[in-house]
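Peer 1:
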Amino acid sequence: MAPLLINIVSFQAGWFASVLGAAAGSSWLGPAVVLPLAAFHLVRAGDRRAESSLLVASGVAGILAETAMIAAGFYDPAVSPFPPPLAPPWLVAMWVNFGTTLSVSLRFLEERPGLAALLGAVAGPAAYLAGESLGAVRFADPRWPGIMALAVLWAAAVPGLFLLRKRLFYSPRRPKR
């Protein structure tokens, strides 16, 4: 199977496992699926060190972003083993899962930060709305402030993660000592 198709299918599998698992009351199904998919992604990566750093950074960004959004009261996750407003593991896994697309299926956005921001602003909130329709999150009423906050968040996150990717993959490395 071509790397692009593998990446798309893996991303969708991780997304659905995370969302449907959360909707069914499991905080850990998503991470249990995403972790081996991310490991498989790393095995196939050309620069495993840079790619590993990108996935870790994606997860850290997810922890910070989701915790802030939950703390602001924009939405609540359906399930979490942690006290609010801490991001649940299934949402963090989704950010790691998203990180696997940056070097493969979404790589065409790397040199197009405006398009990356636009797609982030549209697709980010759309993914959360899809998650809400499946029972994984509940938006506060009215919904529009949370949707707008997600649009701003993802409009910054997508080009920001590509900027990080560029620095990780194309910056000169320090020699090992």
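No gaps in the numbering here: position 43 of the sequence shown is 71 in this note's numbering, and each next residue is one more. Ideal placement from N, C-alpha and C gives every residue a C-beta, glycine not left out.
Quick one: residues in its chain with C-beta nearer than 6 angstroms to the C-beta of Phe136, no 5 flanking neighbours on either side, listed in chain order?
Peer 2: none
Peer 1: Straight-line CA distance for Lys204 to Ala66?
Peer 2: In this predicted model, Lys204 has a pLDDT of only 46, less than 50, meaning its place in the structure is not dependable; the value taken from the coordinates is given anyway. Near 26 angstroms, if we compare the C-alpha coordinates of Ala66 and Lys204.
Peer 1: Rounded to a whole number of angstroms, what is the C-alpha to C-alpha distance between Lys194 and Glu138?
Peer 2: 8 angstroms
Peer 1: Between Ala164 and Val61, which are expected to be in contact by the criterion C-beta below 8 angstroms, what is the C-beta distance as a whole number of angstroms?
Peer 2: With a Cβ gap of about 14 angstroms, Ala164 and Val61 do not count as contacting.
Peer 1: Just to confirm my understanding: we take Ala121, look at its own chain, exclude 5 residues before and 5 after, and list those with CB closer than 6 angstroms. What are they?
Peer 2: Beyond the five residues adjoining it in sequence on each side, Ala121 comes within less than 6 angstroms, by CB distance, of Ser46, Gly58, Pro59, Val62 in the same chain, given in chain order.
Peer 1: Please report the straight-line C-alpha distance between Asn125 and Leu119, rounded to a whole angstrom.
Peer 2: 10 angstroms
Peer 1: Helix, strand or coil: which one does DSSP assign to Phe102?
Peer 2: coil
Peer 1: Using the beta-carbon count (16 or more within 10 Å), is Tyr198 buried or exposed?
Peer 2: exposed
Peer 1: Quick one: residues in its chain with C-beta nearer than 8 angstroms to the C-beta of Leu70, no 5 flanking neighbours on either side, listed in chain order?
Peer 2: Arg76, Glu79, Ser80, Leu83
Peer 1: When the Cβ atoms of the stretch 30-46 are set against those of the stretch 99-112, are three or more pairs found closer than 8 angstroms?
Peer 2: no
Peer 1: Buried or exposed: Gly74, going by 16 or more other Cβ atoms within 10 Å of its Cβ?
Peer 2: Label assigned to Gly74: exposed.
Peer 1: Quick one: grab the DSSP three-state call for Arg166.
Peer 2: strand
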